[in-house]
Structure formats: structure tokens, C-alpha cells
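**Student:** Can you read through this structure? Questions will come right after.
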Amino acid sequence: MEAFTLRAIRTIRSIPAGRVATYGQVARLSGSPRAARQVVRVLVSCSRSHGLPWHRVVGAPCRIALPRGVEFDFQLALLSSEGVEVSDDGTIEPDRFLWRPEPSAFFFEA
DNA sequence: AACATGACGGACA
DNA sequence: GTGTCCGCCATGT
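If you're matching positions, the first sequence starts at -10 in our numbering and goes up one per residue.
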């Protein structure tokens, strides 16, 4: 298994409940800035076997990436149950729910 | 080895 | 805001 896959799994597992992260964000935090598509692969192939919080990963526009359907509804329900407000079309307000890994380091700047 | 495929992202019209 | 195009890169044919 690729090292990136392991790092991605760790990154995804560290997303706190009640927050969401984007594919690109997970890729960057996992050390491979342009590996968003690999993050997709990790979610599809490992979410069940590794018990990953797959529902906390969304697309760059801070919107559920799944096509409309039962999966979409399921992700929306899971996020709602964690307190994340998701609109009917799947969009989430980044200012309120996007995960910010180390806010303390920049909290007092600017 | 060449080619198609993704729960994507960014740039641009 | 929406739609298109192209880059990305591990996997499966």
C-alpha cells in the first residue's frame, strides 16, 4: 500500500466530528497537494474496512460531492447528526464548519 | 506498455 | 453563478 494512502487515512481520521474537510485539503495535509483523486480512491476503497469518517470529506466548493441519491441523503443525515448544517443541495458554510487544523498558530495574526 | 477511469481542483469563458 | 477543459496520479483492463 502506498505511503500516501496511509497518510490520507490518518488525516481523514483526524477530522473532528462536526467539521468537514475538502478532498484537496486532505491531500495537502497528507503531503501530496495534487492527490485529490487519490483521496477519492481511498474513501471508496477503505472507508468501510478502516471505519473512516468518509462523510466529513466534501468537495472544494464545500459541497457534498456525491450525486443525488441514497448515498447523498445518507451523508447529509450523518453530517446533520453531528451538528453540521447542510442545505438541501448539499452545500455547507465553510466559515462555520470547515475544519481548520491549526487555528491557534495564526489566531492572533492580522 | 497503452489506455480508460475517478465522491477532484483550478483556471477560464 | 454555470459549464468546459485540462492537469493530476494510483488502479484496473
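The beta carbon of each residue, even a glycine, is placed where N, CA and C say it ideally should be.
1) Taking buried to mean at least 16 other C-beta atoms within 10 Å of its own C-beta, is G79 buried or exposed?
2) Using only alpha-carbon positions, find the residue among D77, V73 and E91 that is nearest to R85.
3) Looking only at its own chain, which residues have a Cβ that is under 7 Å from the Cβ of L55, when we skip the five neighbours before and after it?
4) How about P42 and I1: do their beta carbons lie closer than 8 Å?
5) Looking at V15 and V33, is the spacing between their C-beta atoms short of 8 Å?
6) Go ahead and label S69 buried or exposed: buried means 16 or more other beta carbons lie within 10 angstroms of its beta carbon, across all protein chains shown.
7) Run through DSSP, which three-state label would V33 get?
**Tutor:** Result, derived from the coordinates:
1) buried
2) V73
3) F61 and Q64
4) yes
5) no
6) exposed
7) helix
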